[in-house]
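Data block below; observations after.
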Amino acid sequence: MSIERTLSIIKPDGVRKKIIGEINKRFEDAGLAIVNAKMMQLSKSDAEGFYAIHKDRSFFNDLVAYMTSGLVMVQILEGENAIQLNRRIMGATNPAEAADGTIRSDFASSIEENVVHGSDGPETAKAEIEYFFG
Ligand code: CMP
């Protein structure tokens with residue numbers, strides 16, 4: 309295990325539900341530090357670039373529309389094993405499959421509107437942090 313950094317996004321539905329504080333408390337209670345954060349309104353090209361890996365998927369246009377539908381909070385989380393730990397705290401992408409007590413199980417309304425994003429591995433974390441924080 310090592311100290312890692314990972315990219316977290318509180319998505320528009322999370323911001324609209326006013327659960328930024330609740331989500332960040334879960335990160336901090338689990339031992340993750342929020343070492344950078346900014347509220348952003350993503351442009352269409354910001355969202356398309358961030359999710360470029362999904363550009364051929366049927367849900368891509370809806371995903372971009374949703375991610376640009378309101379403010380998001382983009383953050384860097386740091387801690388022991390931060391990438392996997394964040395994924396455990398978030399739960400599975402589909403809230404119907406997310407473990408009890410995870411953010412998506414507790415707050416997400418669908419596989420698309422799933423409240424939070426988290427990097428899925430070390431290479432992605434590096435690239436995603438670079439994408440938003442340079
Ligand atoms: P995220 O972890 O941010 O990565 C890609 C996003 O695409 C995912 O969360 C969901 O918001 C969305 N997504 C993934 N699979 C589907 C799907 N089958 N239908 C609709 N949206 C999806």
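Numbering (this note's numbering), first residue to last: 309 to 442.
By construction, the Cβ of each residue, glycine as well, lies at the ideal position given by its N, Cα and C atoms.
Count the other C-beta atoms from every protein chain shown that fall within 10 angstroms of the C-beta of residue 430, then say buried if there are 16 or more, exposed otherwise. In the sequence shown, residue 430 corresponds to position 122, counting from 1. With fewer than 16 other Cβ atoms within 10 Å, it is exposed.
For residue 415, tell me which candidate among 328, 315 and 314 has the shortest Cα-Cα distance. Within the sequence shown, residue 415 is the residue found at index 107, counting from 1. It is 328.
Residue 422: CB within 7 Å of a non-hydrogen atom of ligand 1: As a first step, residue 422 must be located in the sequence shown, where it is residue number 114. Correct: residue 422 has its Cβ closer than 7 Å to ligand 1.
CB contact flag (residue 317, residue 382, <8 Å): For the purposes of this step, residue 317 is identified with residue 9 of the sequence shown, where counting begins at 1. For the purposes of this step, residue 382 is identified with residue 74 of the sequence shown, where counting begins at 1. Taking 8 Å as the Cβ cut-off, residue 317 and residue 382 qualify as a contacting pair.
Can you tell me where the alpha helix (DSSP H) holding residue 395 begins and where it ends? To locate residue 395, count along the sequence shown from 1; it is residue 87. Where residue 395 is concerned, the enclosing alpha helix (DSSP H) stretches over 390 to 398.
Taking the CB atoms as reference points, tell me whether residue 354 and residue 423 lie closer together than 8 Å. The sequence position of residue 354 within the sequence shown is 46, counting from 1. The sequence position of residue 423 within the sequence shown is 115, counting from 1. No, they are not a contact pair.
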